[in-house]
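Q: There's a structure below that I have some questions on.
Residue numbers (mature numbering (1 follows the signal peptide of the UniProt record, and there is no 0)): -25 to -1, 1 to 613.
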C-alpha cells in the first residue's frame, strides 16, 4: 500500500502541475473541466492521520477547493441567468443539471471540511473559518433527492414567473403591470380583482409543490445534522442561530409601539377615504388590498391618502421622479453617477453590455436581482423597469446597484469569502445607499431648503411618514413571513392549515385581514416570490434596522451638523472609503466583527431607527390620542 505521506506529496505535485496547466490551456472550458476532475483525487488525498496532514497540506487544499467552488459558482450563476432571462424548457433543464452537479460537489467539500475540523486542531483562525464555512451544507445524501428538490423548485419558480392575470383580451404580468395597478388605483373593486386574481393563478397550483419541496429540504437538513431546513439557514447565514431568534423577537418588541401608532393612524385615514362600506367600523384591522401593495408589506403608495399635512407638498418625491421621465438605461446611469460621487466603483463594461433593464420579448423572471458571475469583471442586474421610471424603479435600481458595489468590493477574496457579511447586511447596504440617493435628489431640487419653522416641521413629518409607510410595515411582514415558514419547516404548521396559520399571524402581528374569505386551497403565502423561490426572508427584517445604523454612521463620516433625516452624502469620498473598507472583507470575518468595523458596534440595535423616526412617533401619538375612544381601542388589537 502506498505510503500516506508519499501519496500526499504526489497529490500536491499533481496540483502544482494542474495550476500550471490552467495558465496555458487553450480554452476556459477545458481548464474548468480539468480542475473539477482533479478535485476528485485531491479531496481524498490527505488521509486523516496526524503525521500526514500539515498546515501546508490543508492550505493547498483550501486554495484548490476555492478555485473549484469559484468554477461551480460561475457555472451556476450563468445557468441561473440564462433561465431567468429566458424561461425555456432547455434552460430549465440546463439549470437543473448544473445545480445537481454543483450540489454534489459542495456536499463532498463539506464532508471533507467536517472531517478535518473533527480530527485536527487549527491555530490558524482564517484556515479554521474557511473550513467551518465550507462544512455547513444541507445537500441530501441521495442524488435522487437532490434532483427532486431542483425539479419542484423549478416548477414553482416557473409558475410564478410565467403567470399572468387576464381580462378583456389583455393579460397582465405581476411586474410591472399588477404592481403598478396596486400602487396607483384607488378603486376598491379593481384592487380586489388584482389582489384575488394574482392569488388565484399562483396559490392553488403551488401548494402541493411547496409541501413536497419542504419535505425534501428537511431530508437534506437532517442528513447533515440539523433538525430542519430553517435551523440550517440560521446557522449558514447568521452563524449564531439561537441568538438570531432571540434578537428578532427583541427587536420586534422595540419596534412595535411605532408600528401600532402608524397602523392606528393609517386605518383612520383609510376609513375616511373609503367610507364604512369598504372600511367597516366594527373591524379594527385593515383589508389587505387597500395598502398600495400586492402583499400589504410596504404602504408608501398610499401616502397621498394619509399625508399628515396635505397642503405641504414640496417633498413629493414621487412626482419629482415621474417628471424626470427617465428611460431604463438613464435610470441606471443616474444610479452609477451617485455611487461614483462618493468614491465607489463605476459599473464594468459587461454590466452595460449584458444587464437586462426591462422586460424582454422572451418569457423572463422579472423579480429584480443582482448577479455576481464569480469572474471578477462580470456583474449584472436583471429587472423589468417601466418604460418611464417610477419611484419604485428608482429605489430598486439604486438598491440592486448597491449589491453590485458590495460584490465588486470583495471580488478578490477567496471564493468562500465572496459573500456579504450576512444577507441582512447585504440588503442594508443597498437600502441605505438608495435612501441617500433619494435625499440627494430632494436637495439638488431645493425641496429640502427654505421655509419657516412651521413649514419645515410639517415637511419633515411628511417626509418621515412617507418613509415609515414603506419601512416599518415591511419589517413586521418580514418577521411574520419567516416565523410562519420556520414553523412550517418544524412541522408546527402542516399543509392542512397553511392559509389559516398565515392569516392568523398577519392578524396578530400586522393587524391585516383578507378582503374576502380564504380557504386552504388558496395558499396565500405562495403569492410572495420569496416563498416559492426558497429565499430566506428574515434578512429584510434585520436589514431595515441595520440600514439606520449604517445611515447614522455614514452621516457622522460627512462631518456635517444637520438633522439626521436630511443627511446627504453625495460627493463625500470619505463615505465611499469607509464603505469599501468594510465591504472588501466579504465574509472573511464573522458578521458582528465586520459590522463593528463599519458602525463601531457588533450587534444590531434598534436605537438609530427609533431615533430617526422619533419626531413622527411623537406626532402620531399626539394625533391618535386626540381621536375618539374607538380609535384608541383599535390600538389594542394590533
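A virtual CB, placed ideally from N, CA and C, is assigned to each residue, including glycine. The structure presented is a predicted model; accordingly, all values stated were derived computationally and were not measured.
Unbroken alpha helix (DSSP H) runs of length 4 or more, entirely within the segment 393 to 468: which are they?
A: Taking only runs of at least 4 residues, the alpha helix (DSSP H) segments lying wholly in the segment 393 to 468 are 398 to 419, 428 to 465.
Q: Pull the bridge partners of residue 262 from the DSSP assignment, please.
A: According to DSSP, which records beta bridges pairwise, residue 262 is partnered with 488.
Q: With a threshold of 16 other CB atoms inside 10 Å of the CB of residue 593, please say whether the residue is buried or exposed.
A: So residue 593 ends up on the exposed side.
Q: Looking at the structure shown, is residue 354 part of a helix, part of a strand, or coil, going by DSSP?
A: Three-state DSSP puts residue 354 in a strand.
Q: To the nearest whole angstrom, what separates the beta carbons of residue 485 and residue 510, a pair I think is in contact under 8 Å?
A: In fact, because the Cβ distance is near 20 Å, the residues do not count as touching under 8 Å.
Q: Go through its chain and collect everything with a Cβ distance to residue 560's Cβ below 6 Å, but skip five positions before and after it.
A: The residues are 569.
Q: If you scan the segment 31 to 103 from start to end, which runs of the beta strand (DSSP E) of 3 or more residues do you find wholly inside it?
A: Runs found: none.
Q: Do the segment 192 to 202 and the segment 120 to 140 make contact, defined as three or more Cβ pairs closer than 8 Å?
A: Output reads yes: the segment 120 to 140 touches the segment 192 to 202.
Q: Taking residue 127 and residue 187 to be in contact with their CB atoms under 8 Å, please state how far apart those CB atoms are, rounded to whole angstroms.
A: About 6 Å; that satisfies the 8 Å criterion.
Q: Whole angstroms is fine: what's the gap from residue 377's alpha carbon to residue 416's?
A: The alpha-carbon atoms of residue 377 and residue 416 are separated by roughly 17 Å.
Q: DSSP three-state label for residue 125, please.
A: Helix.
Q: Going by other Cβ atoms of all chains shown within 10 Å of its Cβ, with 16 needed for buried, is residue 258 buried or exposed?
A: Label assigned to residue 258: exposed.
Q: Just to confirm my understanding: we take residue 470, look at its own chain, exclude 5 residues before and 5 after, and list those with CB closer than 6 Å. What are they?
A: Same-chain partners within the cutoff: 186.
Q: Please state whether the Cβ-Cβ distance between residue 406 and residue 374 is less than 8 Å.
A: In contact: residue 406 and residue 374 (Cβ atoms closer than 8 Å).
Q: Helix or strand or just coil, what does DSSP make of residue 542?
A: Note: residue 542 maps to coil in three-state DSSP.
Q: Expressed to the nearest angstrom, what Euclidean distance is found between the alpha-carbon atoms of residue 174 and residue 347?
A: Residue 174 and residue 347: Cα-Cα distance of roughly 32 Å.
Q: What is the DSSP secondary structure of residue 344, counted as helix, strand or coil?
A: Strand.
Q: Pull the bridge partners of residue 146 from the DSSP assignment, please.
A: For residue 146, which the question treats as bridged, DSSP gives the partners 141.
Q: Would you report the Cα separation of residue 92 and residue 107, rounded to the nearest angstrom?
A: Distance between the alpha carbons of residue 92 and residue 107 is about 7 Å.
Q: Excluding the 5 residues preceding and the 5 following residue -6 in the sequence, name in chain order all residues of the same chain whose CB lies nearer than 8 Å to its CB.
A: Confidence in residue -6 is poor, its pLDDT being 34 and thus under 50, which makes the residue's placement too unreliable to answer from.
Q: Do residue 148 and residue 513 have their CB atoms nearer than 8 Å?
A: Cβ distance not < 8 Å, so residue 148 and residue 513 don't count as in contact.
Q: Quick check for students: name the residue ranges of the alpha helix (DSSP H) that lie wholly in the segment 171 to 224, counting only runs of 4 or more.
A: Qualifying alpha helix (DSSP H) stretches, in chain order: 204 to 213.
Q: Since residue 318 and residue 552 are thought to touch, with beta carbons under 8 Å apart, how far apart are those beta carbons, to the nearest angstrom?
A: Going by Cβ atoms, the distance from residue 318 to residue 552 rounds to 6 Å, so yes, they are a contact pair.
Q: Could you give the uninterrupted runs of the alpha helix (DSSP H) lying entirely in the segment 519 to 587, keeping only those of 4 residues or more?
A: Correct list: 548 to 558, 566 to 574, 582 to 587.
Q: Going by DSSP in three states, residue 598 sits in which element: helix, strand or coil?
A: Residue state, collapsed to three classes: helix.
Q: Which residues in the same chain have their Cβ closer than 7 Å to the Cβ of residue 399, if we skip the five residues on either side of it in sequence?
A: Excluding residues within five positions, the ones whose Cβ falls inside 7 Å are 514, 517, 518, 521.
Q: Under a Cβ-count criterion, where at least 16 other Cβ atoms within 10 Å of its own Cβ denotes burial, should residue 275 be classed as buried or exposed?
A: Buried, by the Cβ-count rule.
Q: According to the Cβ coordinates, are residue 78 and residue 157 closer than 8 Å?
A: No; because the gap between Cβ atoms is not below 8 Å, this pair is not in contact.
Q: Taking C-beta to C-beta, are residue 245 and residue 439 nearer than 8 Å?
A: No, the Cβ-Cβ distance between residue 245 and residue 439 is not below 8 Å.
Q: With three or more C-beta pairs closer than 8 Å as the rule, is the segment 196 to 205 touching the segment 472 to 485?
A: These segments do not touch.
Q: Would you mind working out which of 206, 279, 306, 523 sits nearest residue 437, comparing C-alpha positions?
A: Answer by Cα proximity: 279.
Q: Classify residue 354 as buried or exposed, calling it buried when 16 or more other Cβ atoms lie within 10 Å of its own Cβ.
A: Buried is the call here.
Q: Return yes when the Cβ of residue 345 is within less than 8 Å of the Cβ of residue 370, no when it is not.
A: No, the Cβ-Cβ distance between residue 370 and residue 345 is not below 8 Å.
Q: Whose C-alpha, out of 48, 493, 445, 575, is nearest the C-alpha of residue 171?
A: Closest option to residue 171, Cα to Cα, is 493.
Q: Taking 8 Å as the cut-off, decide whether the C-beta atoms of residue 384 and residue 562 are in contact.
A: No, Cβ-Cβ distance for residue 384 and residue 562 is not below 8 Å.
Q: How big is the Cα-Cα spacing for residue 75 and residue 558?
A: Looking at the two C-alpha atoms, the distance is approximately 31 Å.
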